[in-house]
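What follows is one structure encoded as structure tokens, with my remarks underneath.
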Amino acid sequence: GESVGLHLPTLSVQEGDNSIINCAYSNSASDYFIWYKQESGKGPQFIIDIRSNMDKRQGQRVTVLLNKTVKHLSLQIAATQPGDSAVYFCADRPHGSGTYKYIFGTGTRLKVLA
Amino acid sequence: GAVVSQHPSWVICKSGTSVKIECRSLDFQATTMFWYRQFPKQSLMLMATSNEGSKATYEQGVEKDKFLINHASLTLSTLTVTSAHPEDSSFYICSAPDGLKTEAFFGQGTRLTVV
């Protein structure tokens, strides 16, 4: 991810609908990507990860898609619930930078409407 | 799962004083920990990499003398904000990797307010 210090974009989704959160990364050498969820006043929580040799990975209600050609990452949340309301960050690990040194994207605020 | 604990959760201090924030890995050892800073409605910005038994590695633009990092044991890293000023007010978050897992685990964060 490329953190540029901008105000967070917001995605509003009706409860029960699917959510798609997008992220662009800049370093073509990144080999590992993570999606984190951050609730207000708390630290980030791991959601799902994907390695650069994969295009898609599924978890429970979440799917991450990786398009290395355009350096784009997306997080899909199925049947969005009120508890999914949070800020979502993608993070990438530039290859050779250190195993756990992640660069965070700008973040997207997800609002779930009842 | 792996747990990383930060203390305090929030702190208010007077301008010119120093504040120490602790980051502990509770059920695993971490030779490396990371310190992030987050302003309201913004992303996490990596400040420095804390290395057990050696000097911390700071990101470009981060003042080493301002943000002192000590990683004295395999389960504890501390960040000291020296001579704090109102512009240092922020949310500080640490992370630590569990060597058995791929992802890094984050502390709950420390809200620093300098008045």
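If you read the sequences in order, they're chains A and B. The number in our numbering is simply the position in the first sequence, starting from 1, with 1421 added. The number in our numbering is simply the position in the second sequence, starting from 1, with 104 added. For glycine and all other residues, C-beta sits at the position ideal for the given N, C-alpha and C. If you're wondering where the values come from, they're calculated on a predicted model, not measured in any experiment.
Where residue i sits in the DSSP three-state scheme
i	result
Glu163 (chain B)	coil
Asp1513 (chain A)	strand
Asp1470 (chain A)	strand
Pro1503 (chain A)	helix
Pro1465 (chain A)	coil
Thr214 (chain B)	strand
Gln1497 (chain A)	strand
Ser158 (chain B)	coil
Phe132 (chain B)	coil
Ser119 (chain B)	coil
Val89 (chain B)	The question about residue 89 (chain B) has no answer, for chain B in this structure spans 105 to 219.
Val1491 (chain A)	coil
Ser147 (chain B)	coil
Val1425 (chain A)	Low per-residue confidence applies at Val1425 (chain A): pLDDT is 37, beneath 50, and the placement is therefore not dependable, though the value from the model is reported in the following sentence. DSSP places Val1425 (chain A) in coil when its eight states are reduced to three.
Sequence-distant residues of the same chain with beta carbon closer than 6 angstroms to residue i, five excluded per side
i	result
Gln1466 (chain A)	Lys1458
Pro1430 (chain A)	Thr1529
Ala1535 (chain A)	Glu1436
Ser154 (chain B)	Met137, Ala160, Ile173, His175 and Ser181
Where residue i meets chain B, residues with beta-carbon distance less than 9 angstroms
i	result
Leu1429 (chain A)	Lys145, Gln146 and Ser147
Gly1362 (chain A)	Any answer about residue 1362 (chain A) is impossible in this case: the structure gives chain A only from 1422 up to 1535.
Chain B contact residues for residue i, given Cβ-Cβ distances below 7 angstroms
i	result
Tyr1446 (chain A)	In chain order: nothing, as chain B lies at least about 13 angstroms away.
Phe1467 (chain A)	Glu207
Limits of the unbroken beta strand (DSSP E) element including residue i
i	result
Leu1531 (chain A)	Thr1529 to Leu1534
Ala140 (chain B)	In the sequence as displayed, the identity of residue 140 (chain B) is Tyr instead of Ala. Here the beta strand (DSSP E) through Tyr140 (chain B) covers Thr136 to Gln142.
Lys1477 (chain A)	Lys1477 to Gln1479
Pro201 (chain B)	Ser194 to Pro201
Ser129 (chain B)	Val123 to Ser129
Val108 (chain B)	Val108 to His111
Ser1451 (chain A)	Ser1451 to Gln1459
Asn1448 (chain A)	Per DSSP, Asn1448 (chain A) belongs to no beta strand (DSSP E) and is neither H nor E.
Ala188 (chain B)	Note, Ala188 (chain B): premise wrong, no beta strand (DSSP E); not H, not E.
Thr1431 (chain A)	Thr1431 to Gln1435
Ser177 (chain B)	Phe171 to Ser177
Thr1484 (chain A)	Val1483 to Asn1488
Neighbourhood of residue i by C-beta, 7 angstroms cutoff - its chain only, sequence neighbours within 5 removed
i	result
Leu216 (chain B)	Val115, Val123, Val185, Asp192, Ser193, Ser194 and Tyr196
Arg1514 (chain A)	Ser1451, Asp1452, Tyr1453, Lys1522 and Tyr1523
Ala1507 (chain A)	Lys1458, Gln1459, Glu1460 and Leu1531
Asn1448 (chain A)	Asp1513 and Pro1515
Contacts that residue i makes with chain B (C-beta to C-beta distance below 8 angstroms)
i	result
Ile1524 (chain A)	Leu150
Lys1463 (chain A)	Gln212 and Gly213
Neighbouring residues, chain A, relative to residue i (Cβ below 7 angstroms)
i	result
Phe132 (chain B)	Neighbours of Phe132 (chain B) on chain A: none; closest Cβ ~13 angstroms, over 7 angstroms.
Chain-ordered chain A contacts of residue i [CB-CB under 8 angstroms]
i	result
Ile197 (chain B)	Gly1464 and Pro1465
Test: residue i CB closer than 7 angstroms to a CB of chain E
i	result
Leu180 (chain B)	The displayed structure is made up of protein chains A and B, and chain E is not among them.
Under 9 angstroms by beta carbon: chain A residues contacting residue i
i	result
Phe171 (chain B)	The premise fails here: Phe171 (chain B) is roughly 17 angstroms from chain A at the closest Cβ pair, so nothing lies under 9 angstroms.
Own chain, CB closer than 8 angstroms to residue i, minus 5 neighbours either side, in chain order
i	result
Ser113 (chain B)	Gln212, Gly213, Thr214 and Arg215
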